[in-house]
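In terms of full-length UniProt numbering, the sequence shown opens at residue 1 and continues consecutively. Report on the following structure.
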Amino acid sequence: MTPPPDRVPADVPGDVSGGPGDDFSAEYVARARELRRGVWPVAVGGRAAGLGLVLALGLTGGGAGLVAGFGGAWAARVAGAAVTLVLLPEALGLPFGARGRVVRRRFGLITQGWGGWWADVLRGLLISLPLTAGALFAVYALAGVTGHWWVWAALGAAAVTVLLSWAAPLVFEPLFNRFTPMAPGPLRDALLALAERDGVTVEDVLVADASRRTTALNAYVSGFGRTRRIVVYDTLLSTADPREVELVVAHELGHVVHRDVPRGTALGALGAAAGVCVLAAVVTWRPLLDLAGADGFADPRSAWLLAAVASVGGAVAAPLGAAVSRRVERRADRHALELTADPAGFIAMQRRLTVVNVGEPSPPRALHLLFGTHPAPAERIAAARAWRVPG
Ligand SMILES: [Zn+2]
């Protein structure tokens with residue numbers, strides 16, 4: 001199905017479908033590949049540089065020297081550790097982030113100006129600085145009084161994971177987007193009816209002003225119980241057909257019905273607690289502490305070593321997280337098909353999401369396995385084609 005011409009974003013070739021049986025034209029696939037080739041080396045390079053920085057400072061006396069530069073007082077050192085751990089990787093990542101933006105902008109994917117980008121960077125720091133400082137003060141205060149600090153740190157990491165999952169939609173998202181109730185009309189009615197048919201209680205349908213930043217399309221369901229609401233990006237409303245919006249929301253309702261947020265949060269909390277236990281075993285190992293120039297772990301000069309080990313752990317765990325996410329997304333896709341019994345609409349929606357984001361229908365396998373949080377578009381479309389009404 002070809003989207004009506006007036007709804008195709010200006011930077012997308014008018015007809016992206018290939019011949020019969022082809023969902024994407026060769027020109028479109030080439031264009032998506034060009035974007036990936038422009039963006040991925042920058043993204044992977046940024047990650048590698050960040051990891052290189054924490055390893056270089058954490059596994060030498062460099063990080064300890066930085067922290068000691070804040071004076072001899074314990075609190076000054078912990079604060080200094082937090083400030084350097086947040087600001088140095090952020091500063092190193094900025095050129096990579098900016099370069100990625102330049103490429104995406106060339107493909108018409110970014111609507112936000114540089115001023116807004118800088119404001120987002122600062123807002124992000126206002127969140128990460130207090131969180132990092134709070135975590136470091138807690139860990140080093142505990143480590144100073146008990147050898148069992150890691151038990152408390154593991155419990156704390158699990159608790160913070162749960163707290164952040166709850167706070168993200170209520171506290172952090174409003175810092176970045178404005179939400180307004182969707183105007184009464186057939187689409188709002190259709191979305192509420194869809195939720196009701198699915199047995200999901202929804203308080204309201206909100207529209208997020210994502211178009212200030214991006215052309216990306218998205219929707220999600222957030223909140224719990226009575227405060228649960230459907231959130232739709234304004235970009236989705238302005239580019240997609242109402243039927244496609246319904247199919248996106250049907251997928252999101254799948255996440256609610258299968259309790260993906262609470263389950264994911266529980267899994268994340270367990271993972272965080274287990275991660276802290278492994279981390280504790282590694283960062284208290286004498287040869288590493290010697291390498292990092294710290295007297296013991298309780299010495300805040302070990303903070304960069306802590307960050308280095310945590311970063312390696314994070315990099316190793318990320319592909320596992322991506323694999324779990326792909327499973328969950330596949331299930332939500334199936335739910336959308338069962339709820340709507342509309343594979344044709346689902347395929348139209350998938351094509352729209354792919355084309356507007358200039359996504360590759362079948363990205364390279366290694367890249368997809370390492371970083372893909374969703375099944376590849378071609379796989380999602382094939383699954384919809386193979387789907388049949390049960391019974
Ligand atoms: Zn999803």
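From the three backbone atoms N, C-alpha and C, an ideal C-beta is built for every residue, glycine too. Bear in mind that the values here come from a model prediction, so they are computed numbers and not experimental data.
Leaving out five residues before and five after residue 233 in sequence, what residues of the same chain have Cβ atoms less than 8 Å from its Cβ? Counting from 1 along the sequence shown, the entry for residue 233 is found at position 233. Answer for residue 233: 207, 208, 210, 211, 216, 217, 218 and 219, listed in chain order.
Nearest CA to the CA of residue 29: which residue from 364, 64 and 382? As a working mapping, residue 29 is identified with position 29 in the sequence shown. Comparing Cα-Cα distances from residue 29 to each of 364, 64 and 382, the minimum goes to 364.
Please work out which residues of its chain come closer than 6 Å, Cβ to Cβ, to residue 66, disregarding the five sequence neighbours upstream and downstream, and give them in chain order. Reading the sequence shown from its first residue, position 66 is the one you call residue 66. Cβ neighbours of residue 66 within its own chain (closer than 6 Å, five residues either side excluded): 84.
DSSP on residue 333, reduced to helix/strand/coil? Against the sequence shown, residue 333 aligns to sequence position 333. Residue 333: helix per DSSP, three-state reduction.
Does the count of Cβ pairs from the segment 106 to 120 and the segment 43 to 50 closer than 8 Å reach three? no
Own chain, CB closer than 8 Å to residue 199, minus 5 neighbours either side, in chain order: As a position in the sequence shown, residue 199 is number 199, starting the count at 1. The residues are 257.
Limits of the unbroken alpha helix (DSSP H) element including residue 238: On the sequence shown, position 238 is the one that residue 238 refers to. Element bounds for residue 238: 234 to 239.
Please determine whether the Cβ atom of residue 329 lies at a distance below 7 Å from any heavy atom of ligand 1. Along the sequence shown, one-based indexing puts residue 329 at 329. Because some heavy atom of ligand 1 lies under 7 Å away, the Cβ of residue 329 counts as near it: yes.
Boundaries (first-last residue) of the alpha helix (DSSP H) holding residue 204: Within the sequence shown, numbered from 1, the residue matching residue 204 stands at position 204. Not the alpha helix (DSSP H): residue 204 falls in the beta strand (DSSP E), residues 204 to 208.
Given residue 386, which residues of its chain have a CB within under 6 Å of its CB, disregarding the five upstream and five downstream residues? To locate residue 386, count along the sequence shown from 1; it is residue 386. If we look at residue 386 and ignore the five residues flanking it on each side, it has no Cβ neighbours.
Residue(s) in a DSSP beta bridge with residue 392: For residue 392 there is no data in the structure shown, the boundaries of the chain being 1 and 391.
Residue 148 classed as buried or exposed, judged by whether at least 16 other C-beta atoms fall within 10 angstroms: For the purposes of this step, residue 148 is taken as residue 148 along the sequence shown, with counting starting at 1. By the 10 Å Cβ count, residue 148 comes out exposed.
Can you tell me whether residue 238 is buried or exposed, with buried defined as 16 or more other CB within 10 angstroms of its CB? Translated into positions along the sequence shown, residue 238 becomes position 238. Burial call: exposed.
When the Cβ atoms of the segment 287 to 298 are set against those of the segment 241 to 249, are three or more pairs found closer than 8 Å? no
Confirm the yes/no value for this check: CB of residue 332, any heavy atom of ligand 1, distance under 7 Å. As a working note, residue 332 is residue 332 in the sequence shown. Yes.
From the DSSP output, which residues share a beta bridge with residue 222? The residue you call residue 222 lines up with position 222 of the sequence shown. Paired residues: 229.
Going by DSSP, what residue range makes up the beta strand (DSSP E) through residue 181? In the sequence shown, the residue the question calls residue 181 occupies position 181. Its beta strand (DSSP E) spans residues 179 to 181.
Based on the DSSP output, what are the partners of residue 110 in its beta bridges? Within the sequence shown, numbered from 1, the residue matching residue 110 stands at position 110. 214.
Just to confirm my understanding: we take residue 284, look at its own chain, exclude 5 residues before and 5 after, and list those with CB closer than 6 Å. What are they? On the sequence shown, position 284 is the one that residue 284 refers to. Around residue 284: 297.
So, helix, strand or coil for residue 41, using DSSP? The count along the sequence shown starts at 1 and reaches residue 41 at position 41. In the three-state reduction of the DSSP assignment, residue 41 falls in the helix class.
Taking its Cβ as the centre, do 16 or more other Cβ atoms sit within 10 Å of residue 362, making it buried, or is it exposed? Walking along the sequence shown from the start, residue 362 turns up at place 362. With fewer than 16 other Cβ atoms within 10 Å, it is exposed.
With DSSP collapsed to three states, give me the class of residue 58. Position 58 of the sequence shown, counted from the start, is the residue given in the question as residue 58. Three-state result, residue 58: helix.
Count the C-beta pairs between the segment 318 to 325 and the segment 354 to 361 that are closer than 8 Å, then say yes if the count reaches three, no if not. no
Whole-angstrom distance between residue 195 and residue 159, CA atom to CA atom: As a working note, residue 159 is residue 159 in the sequence shown. As a working note, residue 195 is residue 195 in the sequence shown. Cα to Cα, the separation comes out at about 30 Å.
Whose CA, out of 281, 40 and 327, lies closest to the CA of residue 366? Reading the sequence shown from its first residue, position 366 is the one you call residue 366. The closest CA to that of residue 366, considering only 281, 40 and 327, is found on 40.
Go ahead and pull the three-state DSSP assignment for residue 389. In the sequence shown, residue 389 corresponds to position 389, counting from 1. Here residue 389 sits in coil by DSSP.
Between the beta-carbon of residue 150 and the beta-carbon of residue 276, is there less than 8 Å? Within the sequence shown, the letter at position 150 stands for residue 150. Within the sequence shown, the letter at position 276 stands for residue 276. Residue 150 places its beta carbon less than 8 Å from that of residue 276.
So, for residue 392: in the same chain, excluding its five sequence neighbours on each side, which residues have a beta-carbon less than 8 Å away from its beta-carbon? In the structure displayed, the chain extends from 1 to 391; residue 392 sits before or after that span and is not available.
Around the C-beta of residue 304, are 16 or more other C-beta atoms found within 10 angstroms, so that it is buried, or is it exposed? The sequence position of residue 304 within the sequence shown is 304, counting from 1. Buried, by the Cβ-count rule.
Rounded to whole angstroms, how far is the Cβ of residue 142 from the Cβ of residue 153, which I believe are closer than 8 Å? On the sequence shown, residue 142 is found 142 positions in, with the first residue counted as 1. On the sequence shown, residue 153 is found 153 positions in, with the first residue counted as 1. Correct: roughly 6 Å between the Cβ atoms.
Looking at residue 148 and ligand 1, is the gap between the Cβ and the nearest heavy atom below 7 Å? Here residue 148 refers to the residue found at position 148 when the sequence shown is read from its first residue. Not under cutoff, so the answer is no.
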